[in-house]
Every structure is written in structure tokens, then in C-alpha cells.
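Protein chains: 2
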Amino acid sequence: MTTFKELQAKYTPLINDFLEKQLYGETNDQKIAEIMAYSVMAGGKRLRPLLFLATLDSLGREIGESELRIACGIELIHTYSLIHDDLPAMDNDDYRRGRLTSHKKWGEAEAILAGDALLPLGIKWIAQGSRSYELAEIITEAVGPNGMVGGQYLDIDSTNNAAVANDAEFINRMEWLKTGCLILASVEMATVYGQAPSGVKEKYLAFAKHFGRAYQIYDDLVDVVESQEEAGKATHKDQEVGKNNTLTMLGVDETRNDLRHLIKQAQGDLTGESAEALLGFLDLYQKVL
Amino acid sequence: MTTFKELQAKYTPLINDFLEKQLYGETNDQKIAEIMAYSVMAGGKRLRPLLFLATLDSLGREIGESELRIACGIELIHTYSLIHDDLPAMDNDDYRRGRLTSHKKWGEAEAILAGDALLPLGIKWIAQGSRSYELAEIITEAVGPNGMVGGQYLDIDSTNNAAVANDAEFINRMEWLKTGCLILASVEMATVYGQAPSGVKEKYLAFAKHFGRAYQIYDDLVDVVESQEEAGKATHKDQEVGKNNTLTMLGVDETRNDLRHLIKQAQGDLTGESAEALLGFLDLYQKVL
């Protein structure tokens, strides 16, 4: 059985190599490839592709070129969402992953187009790697109006809106859509692709839901706990710009309690499964506890 | 055999009904549905979905709910591209299809997100309707960095760039990527979905290539021939803002000759096929000749 650390050590470089090589190799215009690669290769944790691969590994499936292609497709889509979230009309951020954001580096039109290019390319890699229209359905549902983009819309719509500042249900829904849906989809695609029996699939999806909810809370805590240098982006910013999230609603201590509780639930979801690699993802959250 | 007029008269209302009903019915947040529907229901010609359906009809295939879903998915994707092309950072247009553009009506963040929602939703409808990962591959390739977005990037990059003003190869490539790729994909998806034999498929693809090339030239001619009221968007604008296209390179008379030649080639491509509905699309171009 693979541990999280082993999986991470083995596949992070393979993911990075695949991303860089295929972005340049499969794009006719090398300038567009460079603009896409600038953001994709800025050194993210590759959390979502690793989640996909860890789920496959826990299900006892082999990981080869096709599985890497699907995993990397998810990362392209995640990167697109970061580029568009940072745009002047959205969060207007200057730094991301320790570098100038795409629009600061290349211009606003170029950044919009880099995102517009990464999204279909990511979906294409998922369709190609899986040869499954079901995976194409899962990913497009997760990032569409009922998923990630819906959450970003609620975020934009609610910023500086005092009426929702203490509306826990609204904030949970917004955060789930923004971040949770893509995390859930990464695990769900692996259970479908890996043909998990339905009882097993349910356990993994329950884990993914708790893990995904925890991730957004973790991300909010990073905003107050880490310095800008550590996080690679502007921190201590949410409250300043009038963002409503779990943290601004509950404060640091209660938010940490929420996170601890979610971690326990996620651990419980996988009881009886030999899913060590997947459970190891929860250690990520220790640094803000 | 269905004529183009019959097909258009029968399916345009069905397409419009499907789009409106499903956009609201399948979107949880009705405000996001409204923002998407505002642009989708602004009264386009539904050219690309009709091309998909006309190809199926010419191949002798039945058209039902699934085929409509695929056709309408193409229209969602086309609408996304219009919304993003109109953004302040891109062409900065105030009017489209006779209405305020999405960002003028709803705000810039909302317009970016409406496009970001329509793209995956359109791909989802295509995957759902076809239950084919191959169609998902075709459409994502057509609108990605080697297709539509690549063309838009070249357009942005070359505006006011005198070095490419007379570079026919560059301009052909840019226009093909921007407009031709999605038109070709609409026909190609129908040949794959409709299981056209390979010799037949080749004829349809040849037609789609000539038709798609002609369409961009037609669109440029509309810019000078039609008044703003007729076109529903700003016209006489390309030359003003330093756009390079076939028309600015060749002038009106030579461009018209090009268009006539392409129409003849497209007609020739389908010799021997009973593809009356598809050939009827070429009549569209008469109004600028």
C-alpha cells in the first residue's frame, strides 16, 4: 500500500513533466503555450491531480500515461480558474504562487484567453485519457454554472454584501461550489474510471465531500495564518476587501474546530478501505491547526 | 429530402425552445441562468446548430431530443465566444445582436463568468446528448489553443500590427482558427455521431472547410455592406480599430470574388450527395454579393 508521501514524491515530478512537455508539444503556437505554461508551471501543490491518482491507487488500479493525462487535465482546469479569479474585474490580484498573475505579466486579454484555452484543453485531456463521455460529464458539471463558476458568481455577488455576512448556509454553499466541486469531481472521476463498486464509491465520495469542505476552510485560515511570502499570494486580504467566508463569520478558533471536526469525519468515511494515500492528504491541514 | 428553408423553419424554434427551457431548468441559480440566457436568447441565426442538424439530416439520421441537445450545446459555446470577444480587454464592443453586450448589461465580472459557465455547459450537453467521448474531443480541440482561442489570440496580437497587414497566410490562419474551426467541428461531430462512411465523411469535411472559410469573409463583408441597424452590432469598425482581415487586405471587389469562388468549391465538394439542406446554407452569402 502506497503512503501519501510516497505517492506525492513519485507522481509530482511526473505530473510536472507531463504538463510542461504536453503544453508545449501539443500547442501549435508556442507563444500561447508559454502564456499557459507560465501559470501552470508556477509550482502549485498538484493537489487535485494527486487526489485523482491517490483514489485510483487506493482502488488498486495501475497508473500510466492515460491516467496521468486525466490527472493533468484537472490541473489545467484548476489553473484556468485561478487565472480568471485573479483578473482585475474579479479579485484583482497581482501575485499568485509567488509570481505576477497572468494579466500582470502578459496583459488582460492574454490572461482571459489563457484561461479560455486551458479549460477546453483540460477537458480534452480528460476525454482523451479516459475515452469516457461520463468523465467529460462529471468535470463539465463540476466547473459549470452549478459548480465552480456558480460559486465564483456568488462570491462576486456577495462581496461587501452585509446581508449574507452571517448567513452560514449561503457561505457554505458558495465555498462548496467554488472549491469543493472540483475536489469532489477529482475523486468521483477516479471512482468511475477505476470502476469502483457502488458501496465503495459512496465511501470515497463521502470522503471527498468532507475533504473538499475542509480545504476551503483551510485556505481561508492560510489567509490569516501565513505571511504573504509563505503563501505566495496576498494574504490578510479577505477581511480587508469585504469577503464573506467561514472565517470572517466564525473567527479563527471556531474555524479551527470546524476543520478538526471535518478531518475526523473524512477519516471515518474511509474506515475499512485501504486508502492510506488518500487519508494522508488530511495531514496537509496540520500547518494551520 | 429536406431543403434548407424547411430545416431552418422546423428546427430554429425547437432550438430556441430547448435553449431557453434547459438554461433555466438545469441551472440552480436563476440569476446566473438569466445572465447566460440574456446573450444566448438574443436572436442569433443558430447557424452552427443548424449545420449540425442539416448534416445529420443529409446523412439520413433521425433528429430527436439527444440530437437537439448536442446542437444547442454548440450554440452555448458559440455564445460564450461572443461574450468574451466583446469584453473591454478584447474588442470592447457595446452592442451585439442588437442589444447591449453582456458586460455592458451585467458588469464585467458577470460577463466573464457567463462565458466561463456557457463553455463547460455546452461541452456537457454535447457529451450527454452523444454519449461519445469522441465528440467531446472534437469540440474541445476546435475551441482550444489550436482552434478558436488560438485565433482570437492571433487577432489580439496582430491588431495594429502593420507587419501582418498584407500577410495573406497569417490572416487566413487567424480567420480560420477564429471562425472556421467551430463550423468544421459542427459538421465533423455530425459525421462521427451519424457514423458516416469514411468516403462520405471526407466530402462533408471538405464542404465544411470551404463553407467555414467563406463564412469569415462573409462576416467581414457584412462589416462594410450592412448598416449597424441591420447587423445588430457596430459595423464599419474593423478598419477603424486597425483590424487586419481578408477585406482590409484585398478590398471589397476581390473579397467578393474570393467568396464566389469558395461557394463554388463548397458546392462541388458535395457532388453526388443528397445534401440539399446543407447546400442551402450557401444562399446566406448572397446578401453581400
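Which chain is which? The protein sequence lines are A and B, in order.
If you read the first sequence in the working numbering, its first letter stands for residue 12, the second for the next number, and so on.
If you read the second sequence in the working numbering, its first letter stands for residue 12, the second for the next number, and so on.
Even for Gly, the Cβ is constructed at its ideal location relative to N, Cα and C.
A distance below 8 Å separates the beta carbons of glutamate 119/B and leucine 98/B. Taking each of Pro131/B, Gly162/B, Ser169/B in turn and checking the Cα distance to threonine 151/B, the smallest one comes out for Pro131/B. Leucine 111/A is bridged by DSSP to Tyr106/A. Membership of arginine 184/A in the alpha helix (DSSP H) is indicated by the continuous run 179 to 186. Taking C-alpha positions only, proline 156/B is separated from threonine 38/A by approximately 7 Å. The C-beta of proline 24/A comes no closer than 8 Å to any C-beta of chain B.
Taking each of Met159/A, Asp104/A, Glu76/A in turn and checking the Cα distance to isoleucine 88/A, the smallest one comes out for Met159/A. Residues of the segment 185 to 218 of chain B with a C-beta atom less than 8 Å from some C-beta of chain A do not occur. One thing to note: tyrosine 296/A has its Cβ no nearer than 8 Å to the Cβ of leucine 261/A. Under the DSSP assignment, glutamate 78/A falls in the alpha helix (DSSP H) whose first and last residues are 76 to 96. Among the CB atoms of chain B, one or more fall inside 8 Å of the CB of glutamine 139/A. For threonine 90/A, no chain B residue has a Cβ inside 9 Å of its Cβ, as the nearest lies near 13 Å away. The contact set of glycine 155/A on chain B, defined by CB atoms closer than 8 Å, consists of Ala128, Pro131, Leu132, Lys135 in chain order. Distance from the CA atom of leucine 146/B to the CA atom of alanine 138/B, rounded to whole angstroms, is 7 Å. Only buried fits proline 60/B, as 16 or more other CB atoms lie within 10 angstroms of its CB. When secondary structure is reduced to three states using DSSP, serine 143/A falls in the coil class, being assigned neither helix nor strand.
Alanine 147/A reaches chain B at Ile134, Lys135, Ala138, Tyr144, Ala147, counting residues in chain order whose Cβ is nearer than 8 Å. Here threonine 266/A is buried. Its C-beta has 16 or more other C-beta atoms within 10 Å.
One finds Ile123 in chain A with Cβ atoms closer than 7 Å to the Cβ of leucine 98/B, taken in chain order. By the criterion of at least three beta-carbon pairs nearer than 8 Å, the segment 63 to 78 of chain B is not in contact with the segment 180 to 191 of chain B. Per the coordinates, the alpha-carbon of lysine 254/B lies some 6 Å from the alpha-carbon of asparagine 171/B. Taking 8 Å as the upper bound for CB-CB distance, glycine 55/A and isoleucine 94/A are not in contact here, some 12 Å apart.
Distance check between tyrosine 144/B and each of Val203/B, Tyr106/B, Leu216/B places Val203/B closest, using alpha-carbon atoms only. Glutamate 265/B: member of the alpha helix (DSSP H) spanning 263 to 280, first to last residue. Taking the Cα positions, valine 175/A is about 7 Å away from serine 169/A. Within the segment 159 to 175 of chain B, the residues whose Cβ lies closer than 8 Å to any Cβ of chain A are, in chain order, Val160, Gly161, Gln163, Tyr164, Leu165, Ile167, Asp168. At least 8 Å separates the CB of threonine 66/A from every CB of chain B.
Interface annotation, aspartate 104/B: not in contact with chain A, CB-CB separation never under 8 Å.
Taking the C-beta atoms as reference points, arginine 72/A is found no nearer than 8 Å to isoleucine 26/A. Spanning the alpha carbons of glycine 162/A and arginine 224/B requires a straight line of approximately 39 Å. Against glutamate 152/A, the close residues of chain B are Lys135, in the order they occur along the chain (beta-carbon pairs closer than 7 Å).
DSSP places glycine 36/B within a helical segment (H, G or I) once states are collapsed to three.
With a cutoff of 8 Å on beta-carbon distance, serine 113/B and tyrosine 49/B are scored as near each other.
Its Cα nearest to that of threonine 257/B, the residue Gln227/B stands out among Gln227/B, Gly210/B, Asp105/B. Of Tyr164/B, Gln33/B, Ala173/B, Asp96/B, the smallest CA-CA separation from aspartate 40/A is found for Tyr164/B.
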